[in-house]
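Down below is the structure, laid out as structure tokens.
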Amino acid sequence: MVTALAPRPLADDVEQTLIQLDADYSTIYGPNLAEWPRGVRGEFFELQRSRRTMDRETHPLHPRRAAASRRRRHSKQLGWRVHGIAPGAVTVLLTPVWTDVHGPMERVFVVTARSADGQHLKLPRGGSRQIASLVQGVFPAADWNQPQTWHADGNRLTTWQQRRVAS
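Residues in the sequence shown are numbered consecutively from 274, following my numbering.
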């Protein structure tokens, strides 16, 4: 008979880390949080928040891979879906930007859609996020730390290369 050993749940590890953090600060600054200096309290709360959210990134670094049949279906529908968000888009530039507006660093994508004549297309609210998730779902193996360009003709993704002007 084989007994499968289940690893401790992540929540238990986070809880143990928070208990240890509280014990460390209490031994140095005392048990009464109201008596701690303001900077120490801020540091303590920041460490608590970072320990709670360190393994729960809102947008994973690498998008989750789907089954091959689902990726093929999404690949066939990608042009139609992008045109539903940005009608007339021929090229879409997806640029990763790291920001910490709402807490820990988070990667978001700035999307620029252009028409066949090179005109910038205005995206609706949330369009950047929607297009980025659609393209990431179809091309999960791409390097998403680099700017990527999606081309409607041929449904292909290329790494964006900045043009260098010879001086």
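The C-beta atom is built at its ideal place from N, Cα and C for all residues, glycine as well.
Are the beta-carbon atoms of residue i and residue j separated by less than 8 Å?
i, j, result
"A362", "F382", "no"
"L366", "W433", "yes"
"H424", "T385", "no"
"V411", "S348", "yes"
"G357", "N428", "no"
"P420", "T368", "yes"
"L394", "S388", "yes"
"L306", "R314", "yes"
Pull the bridge partners of residue i from the DSSP assignment, please.
i, result
"V224", "Residue 224 is absent from the structure shown; the chain starts at 274 and stops at 440."
"P369", "F382"
"H424", "T364 and R429"
"R387", "T364 and H393"
Would you say the beta carbon of residue i is closer than 7 Å to some non-hydrogen atom of the ligand PLP?
i, result
"Q403", "This structure simply doesn't include the ligand PLP, nor any ligand for that matter."
Please report the Cβ distance between residue i and residue j, rounded to the nearest whole angstrom; I am assuming they are in contact, meaning their Cβ atoms lie under 8 Å.
i, j, result
"Y298", "F317", "5 Å"
"G400", "A359", "6 Å"
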